[in-house]
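Residue numbers (my numbering): 810 to 1090.
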């Protein structure tokens, strides 16, 4: 027959064969021959079968047994599109909405009714990323940041400090450009986020600075606790990094929530700043 059959990847990561518009699942392999059966074998009691021979990495059709239902070219197209979604999820840091939009723009209009919902696509992206992430550590000593996450997308160093205070740990993320903006900003806003951090850390503490008329996050710190000593080390490490690059951190106003440990540590390190605490942060 000599027809080349395309391999598509299912949502579970398994190979399927697109033979004349039918999706086939692998039954067995014998030498260079691959035996496939219809994916609707159980749901439609279809006895359609295909045999292919692997030649130069491609599946060449050698036998085709007719199916008891019509082919659906859309099924293969949907599978290809979903594999594009999973690939972008694994190898880019793009937001789910960006990935979905990027893949949908190249999709034929007639397959829209066959596509999963946006929420289902978001779940697909989440699963794909989870499978390719390192196992989440259970102890602070086990935390190792992959090299790709220690730098920005432009290749600039992002993890600038990894500090230990007693049994606690701080991972400080920022860039030279961000610290420059922080040094020029008169007002800082500082706050912690608790629900989105790995289980071995207590919070993600962020420092925002006013650039123009908007506030932007300039510093991120994964912290395993919230003691005054830990906040003090955080601010000391930040000031030290700024000093290494000839920047002086001297904000006029620091706004925080009502956490006394953070307020006292900020007063200790940035003595000329006016500290304002609020429930609204």
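Idealized CB from N, CA, C, for every residue including glycine.
These figures come from a predicted structure and were not determined experimentally.
At a cut-off of 7 Å, would you count residue i as near the ligand NAP, judging by its Cβ distance to the nearest heavy atom?
i	result
residue 954	Annotation note on the ligand NAP: not contained in the displayed structure, which lists no ligands.
Please say whether residue j and residue i have beta carbons closer to each other than 8 Å?
i	j	result
residue 1027	residue 1004	no
residue 841	residue 826	no
residue 1078	residue 981	no
residue 858	residue 834	no
residue 979	residue 1042	yes
residue 849	residue 878	yes
residue 955	residue 946	no
residue 994	residue 1018	yes
residue 996	residue 1062	yes
residue 1075	residue 1084	yes
residue 953	residue 984	no
residue 927	residue 895	no
residue 754	residue 846	Residue 754 cannot be examined here, being either before or after the span of the chain that is shown, 810 to 1090.
residue 853	residue 814	no
residue 818	residue 824	yes
residue 880	residue 829	yes
residue 1050	residue 970	yes
Kindly indicate the opening and closing residues of the beta strand (DSSP E) around residue i.
i	result
residue 824	824–828
residue 818	813–818
According to DSSP, residue i sits in a beta bridge with which residue or residues?
i	result
residue 870	861
residue 1018	997, 1025
residue 977	974
residue 835	845
residue 1012	1032
residue 1064	998, 1085
residue 982	968, 1029
residue 960	966
Note down, in chain order, each residue of its chain lying with its Cβ closer than 7 Å to the Cβ of residue i, except the 5 sequence neighbours on either side.
i	result
residue 923	883, 887
residue 1039	974, 977, 979, 1032
residue 967	959, 960, 961, 982, 984
residue 1056	988, 989, 992
residue 891	820, 933
residue 898	908, 934, 937, 938
residue 949	978, 1009, 1033
In the DSSP assignment, find the alpha helix (DSSP H) that holds residue i and state where it starts and stops.
i	result
residue 1057	Neither: residue 1057 is in no alpha helix (DSSP H) and is coded neither H nor E.
residue 935	927–940
residue 909	905–914
residue 1069	1069–1078
residue 899	882–900
Once the 5 residues before and after residue i are set aside, which same chain residues still bring their CB inside 6 Å of it?
i	result
residue 755	The question about residue 755 has no answer here: the residues shown for the chain are numbered 810 through 1090.
residue 901	none
residue 872	860
residue 843	861
residue 1001	1012, 1014
Using a Cβ-Cβ cutoff of less than 8 Å, which residues in the same chain neighbour residue i once the five nearest sequence positions on both sides are dropped?
i	result
residue 839	none
residue 1035	1001, 1011, 1012, 1068, 1070, 1071
residue 919	883
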